[in-house]
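Chains as they are written, first to last, in our numbering: chain A, 1229 to 1466; chain B, 4 to 91; chain C, 211 to 432. Okay, structure first, notes after.
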C-alpha cells in the first residue's frame, strides 16, 4: 500500500500541513536573524558576508520573476543589497528578514522594469489562465457513472523515491515552473522553493490570502501534471 | 439505483481541495471527509503523495551558489556603505 | 478510555507522518497531547470498534485516550492519547482475509437482493461460485458492460470486490461493499450497514474486545 507518511516539521498531530512553509510561528524575525541584524547594524562585515551567503541566490530567483533575463536579475539583486543596508535602521522585525529582503528585491525589480520597459507582467488573478481543472477530466469517470461518478478512471501511479531526488527530475520541475503564468510562478517560487510563509508571500507579492492560495493550487497542479508526463515519458510537456 | 454516497468526496473533488488541505484551510468536517476518502482510495493516496513529493522537491531547487566575483562586488558595496559613501 | 488506532508503517500517523512514541516492554508509549485550541480539529483521533472499517491501514494499535473526548461520526477525538500495544493479529495475512471476507460478503448481499428481485438465474450463478477467481469471472460476465441496468450495477460491485480481494487490496474491497450497500438501501444508511458488518468482522477476527479487556486499563470503548 502506498504510504501516506512524510516526516513533518511542525508540532501538528493529525493535521496535514505538510508543506515546509506553513505556520505563522515562523513568520516573525527569529533569534538567528536578530543576531545577524544587530551585528550588521554595527558594521560587522562577516555578518554581511553570512547574509549574502544565505540570501543572494534566492534574491536573484525572486528578481528573475520580474525581469526578463538572469543577467538583469543578478543586477537587481546586487542593487537590492544596497537597499537592504540603507533600510537597516527602519526594519522593525515584524516579518522575517528574508521576507523583508524579498520585498526590497521586488521593489528594485519593479523600478528597473519601469525604466527598462521590460518587466514581466505580474498583474492579477484575472489575467491568469481562467482556472481549468487541476487534472484532465478524462482521468475521471463521468459524473453520470452509475457506480463511481467522479472517481479515477486512470489513477496516478506512484513515483519512485529515487527518481524524485535525481538532478534530471529537479530540472524537469524547474522547467515546468518556467512555463507557469507569472503570478503562479511567483507564488510557487516564494512558498515552495524559497519557503516563505503564506502571510509573507501575500505581503511581498501584494496578494490576498485567498488569491495566493488559488494561485498556489493552480501552479502546483500544473507542475504536478508536467512532472507526471516526465515521469511517464521522460519529457516535460508544456 | 446509484451506489454514490451523498456525503462522500469524489476523487475529482478531492484533487481540487488538496491545496486547501495542505494549508489547513478546509473546514473540520471537510477535512474528515477528505481523509476518509484518501484512506480507501489508492489513486488519491498516490496523488497526495505526489503533491507532497513535488513540494519537497521544489524546496531543493533553492541552491545557494555565489560566484566569487559577485561576492567581491557585494563586499565592495558594503564597505562603501559603511564609509557612508555608497554609490546611488 | 481504551480505543483503537490504525497507523501506517513504523507507527506513523497516516496523514502527518509523525511517528507515535512506542510503548516499552512494561509501559505505555508517551502521551501525545493535542495543542490548545480546536479539539475537534487538532485532537488525537482514534476509533471505537464501529469506526475501524473507515480507517484501514498497515498497523493496528490499542490506545489509551485521556482528557476531553469527543464522539464524532466515524471517530473519537481526544485531548491526549498514547499507544498501549500493537495488535499483532492485524497483519498482511489477516488483512488479506479481510479483503476476501468483504468479497464474499458482497456476493452474499447481492445474492439475497437478486433473490428478492426474482432474478433466479443470476442468483444461482453467483451462489454457485466457490472461489474468488470464478466469483470475479461470473460477476463480471453477469455485470456485462451495461451501466444502466440496476441488477448489473449490483453485480459489478461483487466483481470489483472480488478483483480487489485477489489483489489483497482491503481498503478498496471494503469500499466496494459499502457502495453495494448504498446502492441497495438508499445511500448513506446502506453504506453504514456494510461498514458495521466490516467492523464486526474485524472485532471478531482480531479478538479486539478481549485484547482491550486484558489490557486492564480504564473502560472499554464500544
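Just so you know, even glycine gets a beta-carbon here, dropped at the ideal spot from N, CA and C.
Next item on the list: Report the three-state DSSP secondary structure of residue 67 of chain B (helix, strand or coil).
Entry: It is coil, neither helix nor strand.
Notebook entry, point to check: Excluding the five sequence neighbours on either side, which residues of its own chain have a C-beta within less than 8 Å of the C-beta of residue 1399 of chain A, listed in chain order?
Noted result: Scanning its chain for C-beta atoms nearer than 8 Å, with the 5 sequence neighbours on each side dropped, one finds no residue around residue 1399 of chain A.
Next item on the list: Would you mind giving the Cβ-Cβ distance between residue 1370 of chain A and residue 1377 of chain A, rounded to the nearest angstrom? I have them listed as a contact below 8 Å.
Entry: Right, the Cβ-Cβ distance comes to about 7 Å (below 8 Å), so this counts as a contact.
Notebook entry, point to check: Quick one: what's got a C-beta closer than 7 Å to residue 1461 of chain A's C-beta in the same chain, skipping five residues either side?
Noted result: Cβ within range, chain order: n/a, list empty.
Next item on the list: Would you grab the beta carbon distance between residue 293 of chain C and residue 238 of chain C for me? Rounded to a whole angstrom, and I think it's under 8 Å.
Entry: That pair is a contact at about 6 Å.
Note to self: Under 7 Å, Cβ to Cβ, is there at least one residue of chain C near residue 39 of chain B?
What the structure shows: Judged by the 7 Å Cβ criterion, residue 39 of chain B is in contact with chain C.
Margin query: In the DSSP assignment, the beta strand (DSSP E) including residue 290 of chain C goes from what residue to what residue?
Written below: The continuous beta strand (DSSP E) containing residue 290 of chain C extends over residues 285-296.
Next item on the list: For residue 392 of chain C, decide whether its Cβ has a neighbour in chain B, counting only Cβ atoms nearer than 7 Å.
Entry: By the rule that beta-carbons nearer than 7 Å mark a contact, residue 392 of chain C touches chain B.
Notebook entry, point to check: What first and last residue would you give for the alpha helix (DSSP H) that runs through residue 1260 of chain A?
Noted result: Note, residue 1260 of chain A: alpha helix (DSSP H), 1259-1269.
Next item on the list: Pull up the distance between the alpha-carbon of residue 1407 of chain A and that of residue 234 of chain C, whole angstroms please.
Entry: Between residue 1407 of chain A and residue 234 of chain C, the C-alpha separation is close to 52 Å.
Notebook entry, point to check: Does the beta-carbon distance from residue 80 of chain B to residue 1328 of chain A come in below 7 Å?
Noted result: Cβ atoms of residue 80 of chain B and residue 1328 of chain A: not closer than 7 Å.
Note to self: So for residue 1460 of chain A, helix, strand or coil by DSSP?
What the structure shows: Helix.
Notebook entry, point to check: Got a sec: is the Cβ-Cβ distance from residue 1374 of chain A to anything in chain C below 7 Å?
Noted result: By this cut-off, residue 1374 of chain A is an interface position.
Next item on the list: Note down, in chain order, each residue of its chain lying with its Cβ closer than 6 Å to the Cβ of residue 268 of chain C, except the 5 sequence neighbours on either side.
Entry: Hits under 6 Å: 218, 219.
Item checked: Residue from B:76, B:42, B:68, B:48 whose Cα sits closest to the Cα of residue 1306 of chain A -> With distances taken between Cα atoms, residue 1306 of chain A lies closest to B:76.
Item checked: Spatial neighbours of residue 48 of chain B in its chain, beta-carbon cut-off 6 Å, leaving aside the 5 residues before and after -> 41.
Item checked: Minimum Cβ-Cβ distance from residue 1234 of chain A to chain B less than 7 Å -> Low confidence applies to residue 1234 of chain A: its pLDDT is 39, below 50, so where it sits in the model is not reliable, and the reading given next is rough at best. Flagged as an interface residue toward chain B: residue 1234 of chain A, by a C-beta distance shorter than 7 Å.
Margin query: Measuring straight from C-alpha to C-alpha, what distance separates residue 19 of chain B and residue 1433 of chain A?
Written below: Those two C-alpha atoms are separated by around 23 Å.
Next item on the list: Taking 7 Å as the cut-off, decide whether the C-beta atoms of residue 372 of chain C and residue 313 of chain C are in contact.
Entry: A contact, by the Cβ cut-off of 7 Å.
Checklist line | 8 Å Cβ shell around residue 1289 of chain A - same chain, five flanking residues per side excluded | finding: A distance below 8 Å between beta-carbons, with the five flanking residues on each side excluded, links residue 1289 of chain A to the following residues of its chain, in chain order: 1301, 1417, 1421, 1422.
Check: Does the beta carbon of residue 396 of chain C come closer than 7 Å to any beta carbon on chain A?
Finding: So, not an interface residue.
Next item on the list: Could you tell me whether the stretch 372-381 of chain C touches the stretch 309-325 of chain C, using the rule of 3 or more Cβ pairs below 8 Å?
Entry: When C-beta atoms of the stretch 372-381 of chain C are compared with those of the stretch 309-325 of chain C, three or more pairs fall below 8 Å, so the two segments count as touching.
Notebook entry, point to check: In three-state terms, what does DSSP make of residue 1380 of chain A?
Noted result: Assigned with DSSP and collapsed to three states, residue 1380 of chain A falls in strand.
Notebook entry, point to check: Is the number of C-beta pairs between the stretch 381-398 of chain C and the stretch 326-342 of chain C that are closer than 8 Å three or more?
Noted result: Taking 8 Å as the limit for Cβ pairs, the verdict is that the stretch 326-342 of chain C does not touch the stretch 381-398 of chain C.
Check: When the cut-off is 7 Å and only beta carbons count, does residue 363 of chain C lie next to chain A?
Finding: Answer yes: the Cβ-Cβ gap between residue 363 of chain C and chain A drops below 7 Å somewhere.
Note to self: Suppose you measure from the CA of residue 1319 of chain A to the CA of residue 422 of chain C; what does that come to, to the nearest Å?
What the structure shows: C-alpha separation (whole angstroms): 58 Å.
Next item on the list: Tell me whether the beta-carbon of residue 240 of chain C lies closer than 7 Å to the beta-carbon of residue 252 of chain C.
Entry: No; because the gap between Cβ atoms is not below 7 Å, this pair is not in contact.
Notebook entry, point to check: In whole angstroms, what is the alpha-carbon distance linking residue 259 of chain C and residue 291 of chain C?
Noted result: Near 17 Å, if we compare the C-alpha coordinates of residue 291 of chain C and residue 259 of chain C.
Item checked: Chain-ordered chain B contacts of residue 1306 of chain A [CB-CB under 8 Å] -> Going along chain B in sequence order, the residues near residue 1306 of chain A (Cβ under 8 Å) are 73, 76, 77, 80.
Next item on the list: Compute the distance between the beta-carbons of residue 213 of chain C and residue 286 of chain C, then report whether it is under 7 Å.
Entry: Between residue 213 of chain C and residue 286 of chain C, the CB-CB gap stays under 7 Å.
Check: residue 14 of chain B touches chain C at which residues, Cβ-Cβ below 7 Å?
Finding: Within chain C, not a single residue places a beta-carbon under 7 Å from that of residue 14 of chain B; the smallest gap is close to 12 Å.
Checklist line | Start and end residues, alpha helix (DSSP H) containing residue 1406 of chain A | finding: Residue 1406 of chain A -> alpha helix (DSSP H) spans 1395-1406.
Checklist line | Every unbroken alpha helix (DSSP H) inside the stretch 298-381 of chain C [4 residues or more] | finding: If we require 4 residues or more, the alpha helix (DSSP H) runs fully inside the stretch 298-381 of chain C come out as 302-326, 330-337, 342-353, 360-376.
Note to self: Check for me: the alpha helix (DSSP H) holding residue 22 of chain B runs from which residue to which?
What the structure shows: Segment 14-25, the alpha helix (DSSP H) holding residue 22 of chain B.
Notebook entry, point to check: Out of C:362, C:395, C:412, C:396, which has the shortest C-alpha to C-alpha gap to residue 384 of chain C?
Noted result: Between residue 384 of chain C and the set C:362, C:395, C:412, C:396, the nearest pair of CA atoms involves C:412.
Notebook entry, point to check: Which same chain residues, not among the five before or five after residue 45 of chain B, have their C-beta less than 7 Å away from its C-beta?
Noted result: Closer than 7 Å at Cβ, skipping near neighbours: no residue.
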